[in-house]
């Protein structure tokens with residue numbers, strides 16, 4: 412299944428009057444053409460809050476969470492209706508799918524959501540995905556739909572994620588402030604220097620700027636997904652990207668695709684703690700492809716339970732792996748540095764010799 416995820420930001424499909432129906436129709440036309448050629452197309456779209464803000468007569472960015480949720484509730488129906496009409500004119504069916512952060516953190520919800528999306532794709536329906544702003548709380552929010560798009564692309568093992576921006580791509584500086592800024596056509600590694608370039612504020616309509624798009628690209632390329640950031644206000648841009656024409660900035664995957672479960676560990680579930688390892692344990696994980704034993708752990712941070720995800724860091728503090736622990740932070744605190752045959756003596760029981768089994772671990 413050749414899955415293509417397209418992220419559309421608020422600033423692409425809204426203006427001072429609310430939803431820009433003309434732009435939505437143009438995008439629907441381009442996306443429908445791709446869908447008709449055989450791409451399993453999924454759209455992640457912002458715009459509900461902006462549409463609701465316009466309908467309610469609210470000016471400027473909304474910072475109050477309750478007011479934002481209310482605006483999302485008012486605007487979401489208008490957003491989906493606009494897409495339904497636009498795609499319907501091309502004979503395409505759409506479905507509204509609203510997700511929260513715990514959809515990706517909890518394994519059962521993750522699998523159910525993935526199954527629903529795959530079923531919609533099999534039915535030749537184009538899912539229109541948005542964050543469920545009306546019920547999301549701070550702990551569950553994605554922060555912006557760029558990251559949501561990366562998570563969806565990872566969930567569906569997409570071949571490509573296209574993020575529509577209000578600029579042509581990633582530049583050496585903000586092109587709206589520096590006339591000498593140059594477009595970067597290809598990125599093979601997202602470095603701290605690139606992240607520093609991309610940092611900046613978003614628009615009134617959106618919650619993310621280029622920095623959030625760069626972080627989304629980093630998440631997706633670490634899952635083996637090609638990412639393109641292109642100007643969403645240009646016509647025929649989607650076909651240009653897929654036909655290999657130079658458009659915007661393309662991010663090259665840094666790894667091969669993970670298996671489904673390891674993909675969920677990599678991008679779906681949030682880390683709740685950190686394990687510091689000695690040099691021997693780092694070598695065992697990276698070079699020998701071994702599981703993590705308690706003897707290789709020097710310290711831990713965070714509060715976690717059995718089955719939660721944690722990061723493993725080197726003596727220098729660099730993240731080298733992420734995995735699901737077999738012991739809680741309280742249990743682990745008692746057996747740090749011990750040999751496996753000492754676990755039962757200390758705890759009175761033993762779940763496993765390994766703190767993190769190799770099958771439940773990804774190397775970063």
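In our numbering, the protein residues as written are 412 to 775.
Heads up, the beta-carbon is just placed ideally off N, CA and C, and yes, glycines get one too.
Check                                                                                                                             : Outcome
In chain order, each beta strand (DSSP E) run of at least 3 residues that lies wholly inside the region 681-721                   : 682-688 and 708-713
Cβ neighbour criterion (16 or more within 10 Å) applied to residue 678                                                            : buried
Assigned secondary structure, residue 761 (DSSP; H/G/I helix, E/B strand, else coil)                                              : coil
Whether residue 538 touches residue 569 by CB criterion (7 Å)                                                                     : no
7 Å CB neighbourhood of residue 435 in its chain, flanking five on each side removed                                              : 424, 493, 494 and 497
Residue 666 and residue 560 closer than 7 Å at C-beta                                                                             : no
Residue 622 - DSSP class collapsed to helix/strand/coil                                                                           : helix
Residue(s) in a DSSP beta bridge with residue 428                                                                                 : Answer is none; residue 428 lacks a bridge partner.
Presumed contact (8 Å Cβ cut-off) between residue 714 and residue 685, rounded CB distance                                        : Rounded, the Cβ-Cβ distance is 11 Å, inconsistent with contact.
Beta-carbon contacts of residue 629 that lie in its chain and below 7 Å, excluding the five residues immediately before and after : 601
Buried versus exposed call for residue 429 [16 or more other C-beta atoms within 10 Å across all chains shown]                    : buried
Member of 456, 774, 585 and 564 whose CA lies at the smallest distance from the CA of residue 673                                 : 774
Reduced DSSP category for residue 494 - H, G, I as helix; E, B as strand; rest coil                                               : helix
Bridge-paired residues (DSSP) for residue 735                                                                                     : 720
Pairwise C-alpha distance: residue 591 and residue 522                                                                            : 47 Å
Integer Cβ distance of residue 641 from residue 563, believed to fall under 8 Å                                                   : With a Cβ gap of about 18 Å, residue 641 and residue 563 do not count as contacting.
Neighbourhood of residue 661 by C-beta distance below 6 Å, restricted to the same chain and skipping five residues each side      : 597 and 639
Length of the line joining the Cα atoms of residue 476 and residue 627                                                            : 23 Å
Distance between beta carbons of residue 459 and residue 565, contact taken as under 8 Å                                          : Residue 565 to residue 459, Cβ: 23 Å. No contact.
Buried versus exposed call for residue 421 [16 or more other C-beta atoms within 10 Å across all chains shown]                    : buried
8 Å Cβ shell around residue 525 - same chain, five flanking residues per side excluded                                            : 566 and 567
CA-to-CA distance, residue 645 to residue 470, given in whole angstroms                                                           : 27 Å
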